[in-house]
Each structure stands twice: as structure tokens, then as C-alpha cells.
Amino acid sequence: MLLVVQVVSISWGKKHRGAEGGALVNRLPLAVKLPALLDKEDKTLLHTHVLSSSERFKGRDVFESHDRFLSPFAYGEVRFEREEDRYHATYCRGYIRKTFGLESEKVYCFEYSRKTSSEGVWIFHKVAVNVAMVDVYRQDLFVIQEPDFKFRDSV
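Position 148, counted from 1, in the sequence shown is what this note's numbering calls 408; the numbers after and before it change by one each time, with no gaps.
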């Protein structure tokens, strides 16, 4: 069983907050095609796709693989833990904490937004964490299939 995690992170500044900028940000994909598999022996794969207004939303990929499952490990505000043969995803923000059991061959999407400030400049973020436990790896895993489960939280 292979745990595939894809994090799509979109960030923008004040310039893209109006109607035109908001329409542009909302058109950006929350799931993209995965890269080719690096090693068939891996148990956990992480693909991060970053879209930023400072890079004109061109997109930048980071693909990592792990030879063993690190427990617990976190991407953004979603944590993954393994208990024997069961995997759990926990969404955390402040006092909000929700845990979901992950089933094989199902696609999950955790979507949340946040904002950060650096020297008085606000930056807005929209993050989608796509998760699937599969026997057979496919590059279009998150693109062609709607999530079986979707969780949304916004600031």
C-alpha cells in the first residue's frame, strides 16, 4: 500500500484581492498531475506544487519520497499517523482538531486558507492537501477523480 500526499499551495498579496485577482486565484487548480514514480519500494510519497503571485502563478514542483513511514509527520495543518495497519489524517487549527480514518483506494482533500503578515504586508494562502492510499500509482490520480471526501476550513 502506498500513501500519496499532494500539497497544492497558492499564495497572493494585496494586488490580487479584488474581483479580477480573486477570479484568477479561484481558477487555479487544487490538484495537478503527479510526477513519475521515483522508486517502487517507497511507502510514502509527497508532491508539493507551489503557485505564487510573485512568480506569476507559474507553478513550481517538489517531489520527495520516503523509504519508511515517518510517524507522525505534518504538511501544513494536516498530520498523518500510522497505528499498525491503519492510517489517520488529523486536521488541526487552534482548538479545532478533527481526525479522519483513511481507507484504501479513496481520495481525500483537505482544503484550508490562512493569512500571514510580514512587516505589515499581508499574504493570503489557499492550501489543498490531496491524499490517497493506493496499490497502483497513477500520475493522474488526483486530476481525473473527484475526492471521495472533502473537508474545508477557512479563516
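We put the beta carbon where it would ideally sit given N, CA and C, even for glycine.
How about residue i and residue j: are their beta carbons less than 9 Å apart?
i, j, result
"E371", "V389", "yes"
"Y397", "L305", "yes"
"H309", "V265", "no"
"K375", "F409", "no"
Can you name the start and end residues of the beta strand (DSSP E) that residue i belongs to?
i, result
"E344", "No beta strand (DSSP E) contains E344, which DSSP labels as neither H nor E."
"I404", "From DSSP, I404 is part of no beta strand (DSSP E); its letter is neither H nor E."
"D413", "409-413"
"L305", "304-312"
"Q266", "262-272"
Would you report the Cα separation of residue i and residue j, rounded to the nearest angstrom?
i, j, result
"S364", "L262", "9 Å"
"T359", "Y368", "13 Å"
"T350", "G361", "9 Å"
"E379", "A283", "27 Å"
"Q405", "P289", "13 Å"
"G273", "S373", "14 Å"
"A392", "V381", "36 Å"
Which same chain residues, not among the five before or five after residue i, have their C-beta less than 6 Å away from its C-beta?
i, result
"R412", "E371"
"F402", "Q266, A291, N390"
"C352", "E337"
Going along the chain, which residues of its own chain have a beta-carbon closer than 8 Å to the beta-carbon of residue i, five neighbours each way excluded?
i, result
"S377", "I383"
Next item on the list: Would you mind listing the beta strand (DSSP E) stretches within the segment 348-381 that are 3+ residues and don't spill past its ends, in chain order?
Entry: 356-362, 367-378
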